[in-house]
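Asks: Residue numbers (this note's numbering): -12 to 182.
Even for Gly, the Cβ is constructed at its ideal location relative to N, Cα and C.
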Amino acid sequence: MNEHSIIKKALVFAIALAMILSILPAVLHSANATTISNQLSSQGTVNPLSKVDPSLLNSTGIERILVLGTGSSLDLKNGMGVMGVYPIGKYFIASGFSTASQIKELAKNSNILRIVPDVKLNYSQPKNIESQAIQPDLYQARNILGVNQAYNAFGVNGTGVNVAIVDTGTFFGNPNLQNSIARDSSGRPVYMDAD
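1. Quick check on Val134: does DSSP put it in helix, strand or coil?
2. Identify whether Ala169 lies in helix, strand or coil by the three-state DSSP scheme.
3. With a Cβ-Cβ cutoff of 8 Å, do Ile52 and Asp124 count as a contact?
4. If you measure between the beta carbons of Val72 and Ser60, is that distance less than 8 Å?
5. Would you be able to state if there are at least three C-beta pairs under 8 Å between the segment 75 to 89 and the segment 43 to 52?
6. Name the residue from Val(-1), Ala(-3), Ser37, Ser(-8) whose alpha carbon lies nearest to the alpha carbon of Arg101.
7. Report the partner residues of Pro35 according to the DSSP bridge assignment.
8. If you draw a straight line from the alpha carbon of Pro74 to that of Pro41, how long is it in whole angstroms?
9. Which same chain residues, not among the five before or five after Asn45, have their C-beta less than 7 Å away from its C-beta?
10. Reducing DSSP to helix, strand and coil, say where Ala81 ends up.
11. Among the residues of its own chain, which have a CB less than 7 Å from the CB of Asp171, if the five just before and after it don't count?
12. With distances taken from CA atoms, which of Asn34, Ala94, Gly76 is nearest Val54?
13. So, are the CB atoms of Val143 and Ala151 less than 8 Å apart?
14. How should Gln165 be labelled, buried or exposed, when 16 other C-beta atoms within 10 angstroms of its C-beta is the threshold for buried?
15. Let's see if you can read the secondary structure: which residues bound the beta strand (DSSP E) around Pro104?
16. For the beta strand (DSSP E) containing Ile49, name the first residue and the last one.
Listed below in structure tokens is the structure:
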């Protein structure tokens, strides 16, 4: 795994963690630090639309959303197209897509705590990507394999040597290829596997 890939993964993790941390206080605490369950018992009901980011309420078309919830993520199956569910203790975050009307219906579910838009992450690229590239080091293979020592000891440099690549075919015993095998009319595989 190269350094650029590690940085991207760390950035995605940091952004996801920041989103979770920014959502949880709003969900778990009201303005006077009482929990939603206390609000329910003292006020009777909470407006379901207060769980939804205002930008989603009047949207047109299909929106990418993140849903914070408790209990079973199966509660989402009729309210959104689920692309992924990420459990976090007794909570979960689901990513997917939904329309404004479906979002409003989804907000009525008592297990749904917050619905926010899913934003596209734009990774910044280095200004000079060539300067960030891993330098080639294939020339080191000569030292690692002892080629220079063999040449010095025996005077052999590969002149007159022919190299052939012998590919014996595909290993059809691989379970991932079972549905890709040509078969005759009786269902027997039609191939010759020399391995």
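Replies: By the coordinates alone:
1. The residue labelled residue 134 in the question sits at position 147 within the sequence shown. In this structure, Val134 counts as helix in the three-state DSSP scheme.
2. For the purposes of this step, residue 169 is taken as the residue at position 182 of the sequence shown. Reduced to three states, the DSSP call for Ala169 is coil.
3. Counted from its first residue, the sequence shown places residue 52 at position 65. Counted from its first residue, the sequence shown places residue 124 at position 137. No, the Cβ-Cβ distance between Ile52 and Asp124 is not below 8 Å.
4. Within the sequence shown, residue 72 is the residue found at index 85, counting from 1. Within the sequence shown, residue 60 is the residue found at index 73, counting from 1. Yes; because the gap between Cβ atoms is below 8 Å, this pair is in contact.
5. yes
6. Here residue 101 refers to the residue found at position 114 when the sequence shown is read from its first residue. If we check each option's Cα against that of Arg101, Ser37 comes out closest.
7. Against the sequence shown, residue 35 aligns to sequence position 48. DSSP output for Pro35 lists no bridge partner at all.
8. Position 87 of the sequence shown, counting from 1, holds the residue named residue 74. Position 54 of the sequence shown, counting from 1, holds the residue named residue 41. Going by the C-alpha atoms only, they are around 25 Å apart.
9. Your numbering for residue 45 matches position 58 in the sequence shown. Ala87, listed in sequence order.
10. Counting from one through the sequence shown, the residue named residue 81 turns up at place 94. Three-state DSSP puts Ala81 in a strand.
11. Position 184 of the sequence shown holds residue 171. Contacts found: Val177.
12. If you number the sequence shown from 1, residue 54 lands on position 67. The shortest C-alpha separation from Val54 is found at Ala94.
13. Counting from 1 along the sequence shown, the entry for residue 143 is found at position 156. Counting from 1 along the sequence shown, the entry for residue 151 is found at position 164. No. Outside cutoff.
14. Taking the first residue of the sequence shown as 1, we reach residue 165 at position 178. Exposed, since its Cβ has fewer than 16 Cβ neighbours within 10 Å.
15. Looking up residue 104 in the sequence shown gives position 117. Per DSSP, Pro104 belongs to the beta strand (DSSP E) from 99 to 104.
16. Locating residue 49 in the sequence shown gives position 62, where the first residue counts as 1. Where Ile49 is concerned, the enclosing beta strand (DSSP E) stretches over 49 to 57.
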